[in-house]
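Per this note's numbering, the very first residue in the sequence shown carries number 8; after that it's consecutive.
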Amino acid sequence: MEIGIYGLGRMGANMVRRLLRSGEHRVVAGNRSPGPVDEAAKEGAEGAYSMQELVDKLEPPRVIWSMVPAGEPTEKTLMGFAELAQEGDILIDGGNSYFRDSVRRASALRERGLRFLDAGTSGGIWGLEVGYCLMVGGDRSAFEHVEPALKTLAPPDGYAYLGEAGAGHFAKMVHNGVEYAMLQAYAEGFEILKKSPYGYDLRALSSLWNHGSVVRSWLLELAERAFEKDAELQSIRGYVEDSGEGRWTVLEAIEEDVPANAIAGALFARFASRQEDSFAMKVIAALRREFGGHAVKEAGPGGGG
């Protein structure tokens, strides 16, 4: 099928590559700055150096997938394309938008005759090779129209239509809240191990746990990689950002009277990480770098923690 991808950061650029590698899709790639467009064009995409050019290079009904940061950048991008698109075109938000914003945007776009999908997208920098988990909400006919691209982007059984507008981003929000709690549990465990009298090789123990144990996971595979690179995590500070989804999950838990103790505690631990250094938070910072390419704070002399 034919699809436009706008926003060629870590995930957007790799989504373009995965679509192109299949040989089944024509991809028009756009970005605010020209460098990433040049790179995408070298790999077989048709470059678009403005939103207007991207729209002009697609045949109606157009499919335009936005992969820009949540908040104002997404708002400007979607509303900008809304001004240029025609009735029946499909706009997809693959960023980490707040689900209530997605509900509002779906309504505004519907009034213009446009179809909207909110696509919670998980997979980080590894999605190019293993595929992306795609949690999709919004217009059902739009979902069916773009399903060929979803099949290419996702691994087997890795995409689904979850319901009306907002359903995709709500699921991704809770997914990230669960991620916070999982990271926190692993991090606290590794700090207890590190401070024990047994001198554990944390890389080797990560590998051991991934062979038959109840807590085996991809995150442990990434922990093994992180400890192999820096056994003591001396090179990074235990400083961990939160990108919004954890906060939104806790707010929804409060709204729904759900005692989300683990998720809330993990969120508050991230706040604490900005005031003090700890090995547990170094683990979380290292894992976020491994799965998402998120930036870390470099440690000062001596490494700390």
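Beta carbons are placed, not taken as given, at the ideal position from N, Cα and C, and that holds for glycine.
Since the structure is predicted, the reported quantities are computational estimates derived from the model, not experimental observations.
Leu141 - DSSP class collapsed to helix/strand/coil: Leu141: strand per DSSP, three-state reduction.
Note down, one range per segment and in chain order, each beta strand (DSSP E) of at least 3 residues found wholly within the segment 85–122. 97–100
So for Asp45, helix, strand or coil by DSSP? helix
How is Ala211 classed by DSSP in three states: helix, strand or coil? helix
Please list the terminal residues of the continuous beta strand (DSSP E) segment that includes Tyr205. Taken as a continuous stretch (DSSP letters only), Tyr205 belongs to no beta strand (DSSP E), as it is neither H nor E.
Which residue wins for smallest C-alpha separation from Thr327, given the options Ser203, Gly196 and Asn38? No answer is possible for residue 327: it lies beyond the span of the chain, which begins at 8 and ends at 312.
Identified DSSP bridge partners for Val1: Absent from the model: residue 1. The displayed extent of the chain is 8 to 312, so no value can be given.
With a cut-off of 8 angstroms on the beta carbons, I'd call Leu200 and Leu209 a contact; round off their distance for me. Under the criterion of beta carbons closer than 8 angstroms, Leu200 and Leu209 qualify as touching, at roughly 6 angstroms.
Beta strand (DSSP E) containing Ile71: first to last residue? Val70 to Ser73
Which full runs of the beta strand (DSSP E) of 3+ residues lie inside the segment 140–171, going along the chain? 140–145 and 166–170
Sort out for me which residues DSSP pairs Asp125 with in a bridge. Asp100 and Gly144
Leu61 to Leu157, Cα distance in whole Å? Leu61 and Leu157: Cα-Cα distance of roughly 20 angstroms.
Is Glu305 helix, strand or coil by DSSP? The answer is strand: DSSP assigns Glu305 an E or B state.
Would you tell me roughly how many angstroms separate the C-alpha atoms of Lys304 and Ser250, rounded to the nearest one? Distance between Lys304 and Ser250, taken at the CA atoms: about 15 angstroms.
For Gly51: DSSP bridge partner residues: In DSSP, Gly51 forms no bridge with anything.
Per-residue burial, Ile261 [other beta carbons within 10 Å of its own, 16 or more giving buried]: exposed
Cutting at 7 angstroms between CB atoms, please list the residues of its own chain near Leu27, excluding the five before and the five after it. Correct list, in chain order: Val34, Glu50, Gly51 and Ala52.
Nearest to Arg122 by CA position, among Arg244, Ser109, Ala149 and Tyr207, is which residue? Ala149
First through last residue of the alpha helix (DSSP H) which encompasses Gly299: Phe286 to Gly299
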